[in-house]
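Participant: Residue numbers (our numbering): -11 to 114. Idealized CB from N, CA, C, for every residue including glycine.
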Amino acid sequence: MTRFVAHTSPFAAKDQRRRELGHIHQGRTALGWTEDDYRFHLVEITGAASSADLDAAGRAKVLAHMAKLGFRPKSRSFKPFGQPEKIKWLWKKLDEAGGLRDGSPTALLAFVGRTIGTEVSNGAVA
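1. Does the Cβ-Cβ distance between E8 and R60 come in under 8 Å?
2. For the candidate residues E23, V50, H11, V100, whose alpha-carbon lies nearest to that of K76?
3. Among residues of its own chain, excluding the 5 on either side of H11, which ones have a beta-carbon nearer than 7 Å to its beta-carbon?
4. In terms of residue numbering, what span does the alpha helix (DSSP H) encompassing D25 cover?
5. Which residues in the same chain as A36 place their Cβ atom closer than 7 Å to its Cβ, once the five residues preceding and following it in sequence are excluded?
6. Since P61 is in the alpha helix (DSSP H), which residue starts that stretch and which ends it?
7. Please report the distance separating the alpha-carbon of S109 from that of A0.
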């Protein structure tokens, strides 16, 4: 029987650790814990006096405990970047640089249609 082994980058692990530690400290503030309260909970849950000493399982335990107490980490709010506007802007700049025979919006739609392999008319994919 073959065991599945997840291959992760050391950079991804470091990023995950940093995110989790950030959530722990965010939770500490959100729950209104003093330094003594925070240390008490860490020792009770994991046996470690500092979150820096926690492994992934320890961080998960602390975050689960905080979740039981009502803490939900704030996620980064995703802000869409306006891809159609960016494409139009890039098309305009390419035309200004002399890289296009036809810089019209109709030519842009034709280019997008050829690129994605479908017919595009007036911004709607057919």
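Facilitator: Looking at the coordinates:
1. The Cβ atoms of E8 and R60 lie no closer than 8 Å to each other.
2. The shortest C-alpha to C-alpha distance from K76 to any of E23, V50, H11, V100 is the one to V100.
3. Correct list, in chain order: L51, P61.
4. Element bounds for D25: 23 to 34.
5. Here A36 has L30, L42, G46 as same chain residues with Cβ atoms under 7 Å from its own Cβ, once five neighbours each way along the sequence are excluded.
6. Taken as a continuous stretch (DSSP letters only), P61 belongs to no alpha helix (DSSP H), as it is neither H nor E.
7. When only Cα atoms are considered, S109 and A0 end up about 41 Å apart.
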